[in-house]
Every structure is written in structure tokens, then in C-alpha cells.
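Chains as they are written, first to last, in numbering that gives the first Met the number 0: chain P, 0 to 289; chain W, 0 to 408.
All C-beta atoms in this analysis are idealised placements derived from N, C-alpha and C, irrespective of residue type, glycine included.
A short write-up of the structure that comes next.
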Amino acid sequence: MSVSSRSVLTTGTAASRSAAARTTAAAGSGIPRLLYLPAALGFALLILPLVGLFLRADWPSVPAAIVSAEAQSALWLSLQTALAATVLCLIVGIPLALVIARSGNRLAGLLRALTTLPLVMPPLVGGIALLYLLGRNGLVGSVLELWFGIRIPFTTGAVVIAQSFVALPFLVISVEGALRTAGTRYEAVAATLGAGRWTVFRRVTLPLIMPGVIAGTVLCFARALGEFGATALFAGNAAGTTRTMPLAIYTAFNGAGVSQDSAIALSLLLVVVGIVILLLLRSWRTTPER
Amino acid sequence: MTLDATMLVNRGSFTLDASVSVSPGETLALLGPNGSGKSTLLAVIAGLLAPDQGSVSVDGRVLTEVPQSGGGRSGGGRMTVVPAHRRRIGLLGQDPLLFPHLSALENVAFGLRSHGLPRPHGMKAAEARERAAEWLDAIGMSEFAARKPAELSGGQQQRVAIARVLATEPDVLLFDEPMAALDVQNASLVRTLLRECLASRISATHTGIHGRPQTAPATIVVTHDVVDAMVLADRVAIMDAGRIIDSGDVARVLGEPINQFAATLVGLNVLHGIVETDELVRLADGRGLAVDDVAPEVGAEVSVAFPPSAVTLRRESSGSDAAAAVAAATAAAGPTAPEPTASAPSHPNEWHATVDLLEPGLRGIRVTLLGDTVVAETAAADLLAHDITPGDRIVASVAASQITVYPRR
């Protein structure tokens, strides 16, 4: 090995450099070469549609479509509802994850399966289910209307609920995984140091699982931002109150052939917003500590 | 603060059935191999585990009380398990478990800030930090105060963890193999620090955080290392399979092991027999062993102990016909006491055996013998000089002066 590399060195620096590169590549990745093909296909499947979107866009008309009042209101509504849904998910999701993570194996398995149900369910079905629960004739909805005069469906609140319904599992799964990884050893130490349960949660558990919470928050927010099916059924498509970006895009796309361009423009806007949020959260995640 | 604990814990095939009592300022070393139930015992005392039956109290303050269950939860008396954070019992394990998101200083301040007992919450953050800084100073870690645990070595982390647990001034201190995860050098450093803490009470100069004069804690050190017991403890208890099989003064428990298990643990050979004359012990297997002076009277059941390093080995030399003859005789009649008058063995207390294994030992190479509980420990050079390898027939001998004789318990 050493002899051959020395002989390469004498023949030329370029050759030696490529030989060195080849050795490091071989040492670094033990992937069967055949697997590069499906990997490339998968990547193409994810990226090429976006490329198509960018190529298809009628760029001169994009600025006008984006700054239009409709687009602005939809974007605003989307950001507000997605943010509200994310906050709601954090408030109920972290405790839920904690309960699941600290339950016995069987109960935890059951709770986890039920929690992730919305993940495997078409969002449309979720919308119908929400309607039957909170609609005017729904189980809870009828009581709310009769006793408190509160009507939830087809309001902005309904958008938030629909988004939370589909986004919550992402947060719970992520946080629960972090909790399981963190284990209970630090919590036990904190307790023997005299810290009560709240103190342990606030000063030990929460900081330990923070990476998982942040990752879950990103996923949760992204899912809420893109939510369409449950929102459409449960909250409807009223401009200004329930027409979020995905619904606005759908409306524009279906409206007529001419407005397909504005649908594409809005889609581009949503993609850009998503990327910006991702970058912001990533920089936030990497700056504190280490 | 006197700690009293009695417990019964059933975990499938494993049963922990043990009692310990530790006086204020006293350190008890709990010596036993992995899986003997030492950590479970500490978990019960710390309040991290409720026993199936038992009680834990500190100076009469009942922390755990699980009465014998008379079939069903409602059947027995009331069950008390004070939560860990209200016990004033500090626990330090093998891993330092410093909170990774807090600096060394904040780690030490953690317990001071959030101490469970005096409500509302311990002390103010600034005061806690000030006191934590004093503690880091006391253990010589001031310069690392701002470091995160990831930026400290294992030994440094463990020292900070010691300061963290001591800073809360617990009534009872529990150490669970505190040196086990460290390399030899760091282990020795941490052991020395612990010794100073336990003996001279290294501490920041102030009155106790509970607003009362501080009393020395009752301390339990769980270890499988006899050195920890020697250096740190006033008393030693030996645990085997969930039971305490021996306990008492360090010198006695470590120097006069009661059985083979305890002997292996403390690194001695132990054999049992009966005093035949004031210079000879007849062992259970019929072998005689010359000893220097026997305190127990003739006919008493005794144990004899000697360190593996006291056993010397040499090759059964084919050149010495006399030795071979003795070997044949002993093989036929079983091992016998060497006759002082016999010319052949130049050394008393010799016997023939076959080398089984060579293993790394504490002070050289550990030699086990086939079908014999006695182990020898010797320098590699000696083995090489005598050309001893596994499977060889050898003559083992032990000097009478190296043998301790004590009443069998």
C-alpha cells in the first residue's frame, strides 16, 4: 500500500491527488454502487417537479400575482393560522409526548398508534371527522352552539383546528423520540438534587429535548402551512377568513385557464416562504450552544 | 444522620433482601460483583424505586414504608414513599450525568437553586451561583466554571458531579461505583477527592442550606473495587446475589474473608479447616497446612487466608527424583502436609497441580490451577524464568508466615 502510493507520488501530483481522493471516497462510503441509481431517482422525484414549476412560471406576471390583494391576504392568513396551530400543537403536544414516553410499553404503543392515526389518514377524512364532531349537528358542535352560541366550522378557528389535527402527530412523534433518547437518568439525578417535578421539567427535561422540539416544530409548521384537505372540508374556502395559500392556489388553478399562471406564482411564493422558514429555524437551532 | 434501611425487592428470578444501617459521618462500602443488587439497594434508599417490602428512615424520619402485603394493595398498612426530591439524599453514579446544557457552575448551582425542602424554592440564582463557585474552588475546579460538560474530561466531570451532590448537603450520600467509568489515573484522583470530602469534609465555609448546623452525612459507597473500600470506608459489607453475606470492620472483612466468594472479591485465597496442632491446620480436603501461630485452640474450625502473591510456582522438575516421588505419593494418597523432616521438598506447604489459565492480575499475572480454588499471582518474569505455561505440571507453595488463620464464621 505505502509502496504503491509512493510510486504514484513520483509519477505526478495530479495522479496522486486523484488516487488519494479515490481512497478516501472508498473508505468513507461503503455504499453498493447499484444503490446510487434509485437514490438519484428519488432525488429527481423530489426536485424535478419544483424545477418544472420554476420553468413553467410566466415570470413577467409573477410580481403582479404575488402582490395582488388576494395573494397577500391568503399568505397572511396562512402564516397566522399555521403559527397559531403550531403554538397550539406545542402546548398540547409536548405534554402528550411526555405522557406517551413515560407510559408502560403497552399503553405507550396504543397511545402512539392512536396519535399517529391522522398521519395515515387522508386529510379529507380528517376534515369530515372534524365536521361530524364540531359541526352544527356534531357531537360537540351542537352543544357548543346550543349552550354558548359558538359556531366553529367555516371560521378561521376551524382552519387552525384542521391544521393542528394534521400537524400534531409530527410534533408528538419528534418530541417523543427525543424524550426516549434523553431517558430518565438526568431527571432522576435532578430529583436527588432536590428538584421538584416542575423544576425538573423546566430546567432539565425541556432543555434536553430541545433539538427534538425544534425539529418537531419545523415539521409541524410546514405541515400546517401546506394543509389543504381537512381545511377545505371543515373550514371551507371563504376569501379572507379561511382561504389559506393552498386553497387560494387551488381556487386559482381551477378558476379558469388564464389564472393558472397566478396559481403557479402563488405556489412559488409558498415554496419560497417554506425555504425561508426552514433556513431561519436551522440557523436558530445551530446558534445556541456548542 | 443515621440511615436505616431494610428492603425486599423481587425482580423475576432475582431477590434483593438486605438491611443496612449507617451512622452519621460513617462510610459504609458495599462490595459486590455486578448484578449483586447494590445499585437496586441504593435506588430504594434514594427513593427512585419502591421496594416490595421494607422501610427507609433517616434519624427516625420515615422515607419509605412498605408493609408486608397481605394480598392486595388494600390489605396491608399504608404505603409511604417520599419522592426523591424531598429526601435530602444525594446520589452520584458511575456516570457524572452533568446536565449537558448547563455550565459546570450552573450544574453545581442547580441543586442549591431548586432544593426541594425549604419552600419556596431554595435560594436565589445569584446566591446559588456564588456558593457553587465556592464549591468549585474547594475541589480545585474554579477555572472550569464556565465550561460545558462536553468540554470537560471524564475525571473533571466526575469531580464537578461530586461538588454538585455535596453542595446540596444531603443527610445521606450514596455513591454508586463513582470511579468505575474512569481510567486509573482519574479514578485515583477522584478517589482521593472523595476521601478528603468524606474525611475532612471539604466544604465551602458557611452554615448549612437548611438553616441548621450541618451534620456529617451517612455515606454508602457501592463498589466492586476493594481499593475503594480500603480508602473510603469505615465499614464494609459484602453482597452476593441480593444478600449481605458479611459486614463489619474493614480490616476484618477484607483480611479474613468468610468464604470463597468473599475471598475472590477481596483478592485473597481462603481455605477452611480444623486446627490440628498449634502449627498445623488440616484442610477440608485432607491437605495439611503449616502455619506460624494459631490463635484458636486445637480442634477449632478455622479459615486460612493468604494473598495470591504469596503463592510461588515452579515447574515440576524431572531432574529431581525426590520431588517426583513426592508428587507420586501425594497423587496416590491425596495432598498431605509436607513433612518438615522430609528431605525432598525444600519448602513447606507445597502441592502439585496443573496450570489452567494465565490472566491479567492486579500485580502481575494471575495463575489459576486445575481443580483448585487457590490462585497465584506472580511477575511475568518469574513465569518466563520457570517456563510455566497452561497445562504444565507445577509445584505450588505458600510460606507459613504469609498465612492468616482466623475462626471460621
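Proximity winner among the options, relative to residue i (alpha-carbon distances)
{"i": "P:G193", "options": "W:C196, W:P177 and W:A166", "result": "W:A166"}
{"i": "W:R286", "options": "W:N348, W:L104 and W:N9", "result": "W:N348"}
{"i": "W:D284", "options": "W:E296, W:L361, W:H271 and W:A4", "result": "W:H271"}
{"i": "W:T14", "options": "W:L29, W:G24 and W:G36", "result": "W:G36"}
{"i": "W:D410", "options": "W:G11, W:Q93, W:T1 and W:S38", "result": "Here chain W comprises residues numbered 0 to 408, so residue 410 of chain W is not present and cannot be evaluated."}
{"i": "W:E461", "options": "W:S396, W:H385, W:F98 and W:V230", "result": "There is simply no residue 461 of chain W to check, as chain W begins at 0 and stops at 408 in what is shown."}
{"i": "P:A81", "options": "P:S282, P:V272 and P:L278", "result": "P:V272"}
{"i": "W:R412", "options": "W:A384, W:E296, W:L361 and W:V265", "result": "In the structure as shown, chain W begins at 0 and stops at 408. Residue 412 of chain W is therefore absent and cannot be evaluated."}
{"i": "P:L167", "options": "P:F147, P:A83 and P:M209", "result": "P:A83"}
{"i": "W:V21", "options": "W:D381, W:V171, W:E195 and W:S316", "result": "W:V171"}
{"i": "W:V19", "options": "W:F305, W:A217, W:L193 and W:H100", "result": "W:A217"}
{"i": "P:L118", "options": "P:Q259, P:A38, P:L170 and P:Y185", "result": "P:L170"}
{"i": "W:L91", "options": "W:A49, W:R77 and W:A45", "result": "W:A45"}
{"i": "P:P206", "options": "W:R365, W:H100, W:A228 and W:L288", "result": "W:H100"}
{"i": "W:T26", "options": "W:R10, W:T1 and W:G363", "result": "W:T1"}
{"i": "W:L193", "options": "W:E168, W:A162 and W:Q184", "result": "W:A162"}
{"i": "W:G360", "options": "W:D292, W:G266 and W:F305", "result": "W:G266"}
{"i": "W:I244", "options": "W:L188, W:V230 and W:F260", "result": "W:F260"}
{"i": "P:G195", "options": "W:P50, W:L382 and W:R112", "result": "W:R112"}
{"i": "P:A223", "options": "P:T243, P:A39 and P:A251", "result": "P:T243"}
{"i": "W:P66", "options": "W:S56, W:I393 and W:M78", "result": "W:M78"}
Helix, strand or coil at residue i [DSSP, three-state]
{"i": "P:D260", "result": "helix"}
{"i": "P:R281", "result": "helix"}
{"i": "W:T79", "result": "strand"}
{"i": "W:E349", "result": "strand"}
{"i": "W:Q184", "result": "helix"}
{"i": "P:S163", "result": "helix"}
{"i": "W:H120", "result": "With a pLDDT of only 48 at W:H120, under 50, the local geometry of the prediction cannot be trusted, and the value read off the model is given with reservation. The answer is coil: DSSP assigns W:H120 none of H, G, I, E or B."}
{"i": "P:V95", "result": "Rather than Val, the amino acid found at residue 95 of chain P in this sequence is Leu. Helix."}
{"i": "W:G333", "result": "Because the pLDDT of W:G333 is 43, which lies under 50, any placement of that residue in the model is unreliable, and the number read from its coordinates should be weighed accordingly. Coil at W:G333, not helix or strand."}
{"i": "P:I298", "result": "Shown here, chain P extends from 0 to 289; a query on residue 298 of chain P therefore has no answer."}
{"i": "W:R60", "result": "strand"}
{"i": "W:I244", "result": "strand"}
{"i": "W:E376", "result": "strand"}
{"i": "W:R112", "result": "helix"}
{"i": "W:T167", "result": "coil"}
{"i": "W:I44", "result": "helix"}
{"i": "P:G134", "result": "coil"}
{"i": "W:P406", "result": "strand"}
{"i": "P:F252", "result": "helix"}
{"i": "W:A228", "result": "helix"}
{"i": "W:I161", "result": "helix"}
{"i": "W:S396", "result": "strand"}
{"i": "P:R101", "result": "coil"}
{"i": "W:A236", "result": "strand"}
{"i": "W:S418", "result": "As displayed, chain W neither begins before 0 nor continues past 408, which places residue 418 of chain W out of reach and without an answer."}
{"i": "W:T206", "result": "With a pLDDT of 46 at W:T206, under the threshold of 50, the modelled position of that residue is not reliable, and the figure given next carries that caveat. W:T206 falls in the coil class under three-state DSSP."}
{"i": "P:S266", "result": "helix"}
{"i": "W:L151", "result": "coil"}
{"i": "W:S18", "result": "strand"}
{"i": "P:F153", "result": "coil"}
DSSP beta-bridge partners of residue i
{"i": "W:G53", "result": "W:M6 and W:V65"}
{"i": "W:L357", "result": "W:V366"}
{"i": "W:M178", "result": "Per DSSP, none; premise fails for W:M178."}
{"i": "W:G31", "result": "Answer by DSSP bridge pairing: none, since W:G31 is not bridged."}
{"i": "W:I219", "result": "W:L27 and W:L173"}
{"i": "W:G89", "result": "W:L172"}
Q | Given 8 Å, three or more beta-carbon pairs between the stretch 87-94 of chain P and the stretch 202-222 of chain P | A | yes
Q: Spell out a yes or no on whether the stretch 173-182 of chain P and the stretch 150-163 of chain W are touching, meaning 3 or more CB-CB pairs, one atom from each, closer than 8 Å.
A: Taking 8 Å as the limit for Cβ pairs, the verdict is that the stretch 150-163 of chain W does not touch the stretch 173-182 of chain P.
Q: Report the residue ranges of all alpha helix (DSSP H) runs contained in full by the stretch 246-331 of chain W; include only those spanning at least 4 residues, in chain order.
A: 249-254 and 259-265
Q) Should the stretch 124-136 of chain W be regarded as contacting the stretch 233-242 of chain P, the criterion being three or more beta carbon pairs within less than 8 Å? A) No: fewer than three Cβ pairs fall under 8 Å.
Q) Using 8 Å as the Cβ pair cut-off and three pairs as the minimum, do the stretch 51-68 of chain P and the stretch 262-271 of chain P touch? A) At 8 Å Cβ cutoff, the stretches touch.
Q.
With three or more beta-carbon pairs closer than 8 Å as the criterion, would you say the stretch 119-134 of chain P touches the stretch 200-214 of chain P?
A. no
Q: Report yes or no: do three or more beta-carbon pairs, one from the stretch 57-68 of chain W and one from the stretch 248-267 of chain W, lie closer than 8 Å?
A: no
Q. Are there three or more Cβ pairs, one per stretch, closer than 8 Å when the stretch 23-36 of chain W is compared with the stretch 223-236 of chain W?
A. yes
Q. Can you give, in chain order, each stretch of the alpha helix (DSSP H) that sits fully within the stretch 165-250 of chain P and has at least 4 residues?
A. Unbroken alpha helix (DSSP H) runs of no fewer than 4 residues, entirely contained in the stretch 165-250 of chain P, are found at 184-191, 196-199, 209-225 and 228-233, following chain order.
**Q.** Inter-stretch contact at 8 Å, needing at least 3 Cβ pairs: the stretch 349-362 of chain W / the stretch 389-399 of chain W
**A.** yes
Q) Touching or not, the stretch 162-178 of chain W and the stretch 272-281 of chain P, by the rule of three or more beta carbon pairs under 8 Å? A) no
Q) Residue ranges of each alpha helix (DSSP H) run of no fewer than 4 residues wholly in the stretch 27-65 of chain P, ordered along the chain? A) 35-55
Q. Enumerated in chain order, which unbroken segments of the alpha helix (DSSP H) with a length of 4 residues or greater are wholly contained in the stretch 104-129 of chain P?
A. Qualifying alpha helix (DSSP H) stretches, in chain order: 104-114 and 116-119.
Q. Do the stretch 129-144 of chain W and the stretch 145-165 of chain P make contact, defined as three or more Cβ pairs closer than 8 Å?
A. no
Q) At a cut of 8 Å, does the stretch 273-283 of chain W reach the stretch 291-310 of chain W through at least three beta carbon pairs? A) yes
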